[in-house]
Amino acid sequence: MNRVNDFILKIATVNGTGSASANGLLLKALFRMGIPVTGKNLFPSNIQGLPTWYEIRTSTQGYMSRSGRVDVMVAMNVQTYGKDLLEVSTGGYFIYDSTWPRERELHRDDVTVFGVPLAKLCNESFSDARVRILMKNIAYAGVLSALLDIDPDVMRGLLEETFATKSKLVESNIKAFNLGYDYAIGQFSCPLPVRAETIGDNKDKILIDGNAAAALGCVYAGATVGAWYPITPSTSLMDSFKHYCKMFRMDIENGGKNYCIVQAEDELAAAGIVLGANWVGARGFTPTSGPGISLMSEFIGFGYYAEIPSVFIDVQRVGPSTGMPTRTQQCDIMLCAYASHGDTRHPLLLPANPSECFEMTVRAFDLAERLQTPVFVLSDLDIGMNDWMIPKLEWDDAYRPDRGKVLRAEDLEEIEKFYRFEDIDGDGITARTYPGEHPKGAYFVRGSGHNRYGAYTEDSDEYKEVVDRLLVKWETAKSVVPRPLLKTAAKKTDIGIIAYGSSDNAVLEALDQLARNGIHADYMRVRAFPFGDEVKAFIESHVTVFVVEQNRDAQMRSLLILETNTDAAKLVPVLHYSGMPIPSTCVVEGLCKHLRVEAVA
Amino acid sequence: MTYIAKPNIELPFRETNKLGLSKRDYEGVLSTLCAGCGHDSITAAIVRAFWELSIPPERVAKLSGIGCSSKTPAYFISGAHGFNSVHGRMPSVATGALAGNRDLVCIGVSGDGDSLSIGFGQFGHAVRRNINMLYIIENNGVYGLTKGQFSAAADKGSKSKKGAVNQWKNIDSVSTAISLGGSFVARSFSGDREQLVTLIKAGVTHPGCAVIDVVSPCVTFNNHVGSTKSYIYTREHYRPASQADFVPPADEIKATYAEGENTVVELHDGSKLVLKKADNGYDPTNRSKVLRYLEQHRARGEVVTGLLFINEDLPDMHAIYGTTPVPLKDVGFDQLNPGAEALADLQRRMW
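Heads up: the protein sequence lines correspond to chains A and B, in order.
Following the numbering used here, the residues of the first sequence are numbered contiguously, the last one being 601.
Following the numbering used here, the residues of the second sequence are numbered contiguously, the last one being 952.
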């Protein structure tokens, strides 16, 4: 088995022991060797003491999803030794801390087991108890550097970079790294057939998680008010926003902050703050997750009916209820599409990677203001919290925010009288004003029944006139949200696949695998709701359309049926909802299973 | 929020304020509340206070939640920007509005159900953040629109119209706001226009969250014998702890006050609040004494009114955050957007 730059390395540790820095180090070293690489953190909802895994995949083809294989397992957690050994693919390698040897238990005929006395090595070299634990991680990184031929100079260089301001730490980390590296070189025949090889430097790429990218999107869109209540997995989005604001948003003249972050008392308040800020003309947003959307729903309906722009970034996690907070799903599609009581519908943007988290977050602010309505960016834990290798983000300095139809003081001077909900040009969108600017611009925002002039009403016709106009606006939304992306199969086919968000990479890899087995499929990645006409056309032009998604109830499939009025029978669900990011095998198997059954029938 | 437009009759001898606006310019649409509702008196006091302070109507953001009290922003300052939000959530919208535009003159009108039951959390956090707003709680101890249920402000032992006796200890907005570190806490009575107008003016001028709880009897559901929020009960148990005169910035203190009997509180815009100590030795700057005083008089069933606590030095939300003095909505895009070069620089660190 020769797997150069094409392997899966999985590291099993106990959470709270500081393994993240060693894992990040390995990821970054492979990245700097020019290899397409991805890292997925599979962690528990816990602070210290429970099993946690980190999975690194290198792929010459650039495949970024999970694949279901494990070529090298580093087992640092006694609690999960058995399970971890079982998970190794045939011909793979299993590395464990042999300070306490377990040769008899840890045995598989088809797997090579390496024992490295990591604890012993570190105990002999470091005196402080906490340091010994931390350094064990760097030591296994050293072992892997030797076994997998991950350039030790790059690794050492990264350690020096990381601890540039703390020279003592550089010394101890390099010492620990060398302990592992030298031991492996001395004891094993390095490198293994599973190994890395420098093929470039990835200088045109970056490693970034989706939450940081979305936070940058907020900064670049000119958002000034961020309101939030801490919730996994969205917390790091606001942390990043704060970080970038400190970098870019300190007023040069007065030293004040050109931003305001309010940690709200709960998600209800966060939503209220966002509406309040947008009402007065500041771009406001909130990052949250499913439970937060549930709490915000009353205000979301208010925003819809009172037509207040607002941006809700939902980094989805496993539901229902508290669910599994540190696991990933795409399970808030229906919740967000129709959030709140009464007839409501909201635009959803569906980023598939950090690049789109950045772009679509900027777009969300423009759409929210153009459409004067709550807009959702539906990311998920896999995109939001994992480091992804993406092309460098780009920015066009010619960009100016689309503030939508707003009458400023000078515009109001020109007109006789301002009515908030009068549709002058027939696109369902009416002009608004900012409070505090002009006496003519005053109006009353209300969630109660109102007529086209903005006044309270209980008159049926007046009520209907407004809610019917909102449908016209919905039609307008269809033409301005991001278009789906189409990948046509090499051969003409009547099989289609629809997927969205973080399922994208699994589908892309599956398409190649399926094509090798003679199964060709056209692939449409839906990037927004409401769906454009091309989505319906895609469904209609195929006999079978597989809808790949990460939830139990096939929510996107339901939404497609409801909103495109399509034949439900031709939409076949392919579902993955274990909480782990979807592997490409799930898509391959899902399609094959259905096609086999069809062939038999 | 039903409404009837007010007939537009030009009154002779209309008096104008510094902006050349008449009091009529600070009114709103006709109230649809019950005849004799305390809330209408509060509306009238707001109209007078804002008119006398000559605040440009368009600079005013008037917000509310849900309930009878929350209908009233439609009844004052029609030239102001209104926001009738969802039940109990007015404070968060006000927080966001002020976050985005710190120059707005913000008034929130809420009720005892809106602020002490469903919105208790948001009320507390508005006080805690000391957002720069006037926060009026129109307190009638009862749910009017749903026909007479007790609210959390109803006193234990108070009787409902149907004869039920409230079994629960009440939540007192005043002592709650003081305990939470509020910077301006007052109580008044819808029937005491002079006191209320003064407190509203002081509250608007105060650079932080000014909470005024106004006992405002519900003539339909809570104005009977046995109720502790009726006109009669409130008048009989009315106890002003301090009486205040509001002196605008440019004016001199003209009235003569006996020495040692008064405290002058200077507000941030230079206006002054002269507190006449109606009750011997009442000190509205001493939190623990105030709380003790309130508890003593509560035990006697008295309704203590006046400016009960003030601390002009507490920083408001923006002072704490260190936000730019320019309203965030007016900060130019070039100042908000770091540009392509900065993005390229930043990404060097992500390699």
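Ideal Cβ positions, reconstructed from N, Cα and C, are used throughout, including at glycine.
- Query: Cα separation between C638(B) and T906(B)?
  - Reply: 20 Å
- Item | Residues sharing a beta bridge with Y849(B), DSSP | The identity of residue 849(B) in the sequence shown is Pro, whereas the question assumes Tyr. Its beta-bridge partners do not exist; DSSP assigns none.
- Task: Could you spell out where the beta strand (DSSP E) holding I498(A) opens and where it closes?
- Result: Counting along the chain, the beta strand (DSSP E) containing I498(A) begins and ends at 495 to 499.
- N823(B) versus G940(B), G742(B), S693(B), residue with shortest Cα-Cα distance: G742(B)
- Query: Of all the CB atoms in chain B, is at least one closer than 9 Å to the CB of V274(A)?
  - Reply: Yes, contact with chain B.
- Task: Ignore the nearest five residues each way along the sequence and tell me which others in T322(A)'s own chain have a CB closer than 8 Å to its CB.
- Result: P291
- Message: 9 Å is my cut-off, CB to CB: does N505(A) come that close to chain B?
- Response: For N505(A), the answer is no, since every Cβ of chain B falls outside 9 Å of its Cβ.
- Entirely within the segment 160 to 245 of chain A and at least 4 residues each: give me those alpha helix (DSSP H) ranges in chain order. 167 to 187, 210 to 221
- Query: Of all Cβ atoms in chain B, is any one closer than 9 Å to the Cβ of M135(A)?
  - Reply: No - not a single Cβ of chain B is within 9 Å of the one on M135(A).
- Message: In the DSSP assignment, the beta strand (DSSP E) including Y81(A) goes from what residue to what residue?
- Response: Looking at the DSSP string, Y81(A) is not in any beta strand (DSSP E); the run it does join, the alpha helix (DSSP H), is 81 to 87.
- Message: Under 7 Å, CB to CB, which of the residues in the segment 907 to 922 of chain B have a partner in chain A?
- Response: Y922
- Message: Residues of the segment 449 to 467 of chain A in Cβ contact with chain B at a cutoff of 8 Å, in chain order, please.
- Response: Within the segment 449 to 467 of chain A, the residues whose Cβ lies closer than 8 Å to some Cβ of chain B are A455, Y456, E458, listed in chain order.
- Would you please state the rounded distance, in angstroms, between the beta carbons of I313(A) and L237(A)? I believe it to be under 8 Å. 6 Å
- Beta carbon proximity, F421(A) to chain B, threshold 9 Å: no
- Query: How many whole angstroms separate the CB atoms of A264(A) and V311(A), which I take to be in contact at a CB cut-off of 8 Å?
  - Reply: Not quite, the Cβ-Cβ distance comes to about 15 Å (not below 8 Å), so this is no contact.
- Just the chain A side, please: which residues come within less than 8 Å of P658(B) by C-beta, in chain order? Residues of chain A whose Cβ lies closer than 8 Å to the Cβ of P658(B) are, in chain order, P439, A442.
- Task: Mind checking which residues open and close the alpha helix (DSSP H) that includes R108(A)?
- Result: First-last for R108(A): undefined, no H or E at that position.
- Hey, quick one: how far does the alpha helix (DSSP H) through P354(A) stretch, first residue to last? 354 to 371
- Message: Within 9 Å of any Cβ in chain E, is that where the Cβ of N685(B) sits?
- Response: Protein chains in the displayed structure are A and B, and chain E is not among them.
- Query: Residues of chain B with a CB under 8 Å from the CB of F241(A): which are they?
  - Reply: Near F241(A) there are no residues of chain B at all, since even the closest Cβ is about 13 Å away, more than 8 Å.
- Task: Below 8 Å on the Cβ atoms is my guess for Y183(A) versus P152(A); work out the distance and round it to an integer in Å.
- Result: Incorrect: roughly 13 Å between the Cβ atoms, too far for contact.
- Query: Relative to the C-alpha of I813(B), which residue among E628(B), D931(B), I643(B), L634(B) is closest?
  - Reply: I643(B)
- If the cut is a Cβ gap below 7 Å, which residues of chain A does V932(B) touch? T224, N258
- Query: Does the beta carbon of M602(B) sit closer than 9 Å to a beta carbon anywhere in chain A?
  - Reply: Unreliable positioning characterises M602(B) in this predicted model, as indicated by a pLDDT of 49, which lies under 50. The coordinate reading is nonetheless provided below. Closer than 9 Å: yes.
- Message: Can you look up V262(A) in the DSSP assignment and give me helix, strand or coil?
- Response: V262(A) falls in the strand class under three-state DSSP.
- Query: Does Y229(A) get closer than 9 Å to chain B when you measure Cβ to Cβ?
  - Reply: no
- For H807(B), which residues does DSSP report across the bridge? Answer by DSSP bridge pairing: none, since H807(B) is not bridged.
- Message: Please report the straight-line C-alpha distance between D846(B) and K873(B), rounded to a whole angstrom.
- Response: 8 Å
- Message: Beta carbons nearer than 7 Å to chain A: which residues of the segment 704 to 736 of chain B have them?
- Response: D704, L705, G722, Q723, H726
- Nearest-angstrom Cα distance between P607(A) and A787(B)? It is not possible to answer for residue 607(A), since the shown part of chain A is limited to 1 through 601.
- Item | Below-9 Å beta-carbon distance, V694(B) vs any chain A residue | yes
- Query: How would you label S541(A), buried or exposed, when you count the other beta carbons within 10 angstroms and need 16 or more for buried?
  - Reply: exposed
- Provide the residue span of the beta strand (DSSP E) that contains E55(A), from first to last. 51 to 58
- Message: Residues of the segment 186 to 212 of chain A in Cβ contact with chain B at a cutoff of 8 Å, in chain order, please.
- Response: N202, K203, K205, I206, L207, I208
- Taking the alpha-carbon positions, what's the Q750(B) to N767(B) distance? Each residue's alpha carbon lies about 10 Å from the other.
- Query: So which residues of chain B does F418(A) contact, with C-beta pairs closer than 7 Å?
  - Reply: Near F418(A) there are no residues of chain B at all, since even the closest Cβ is about 12 Å away, more than 7 Å.
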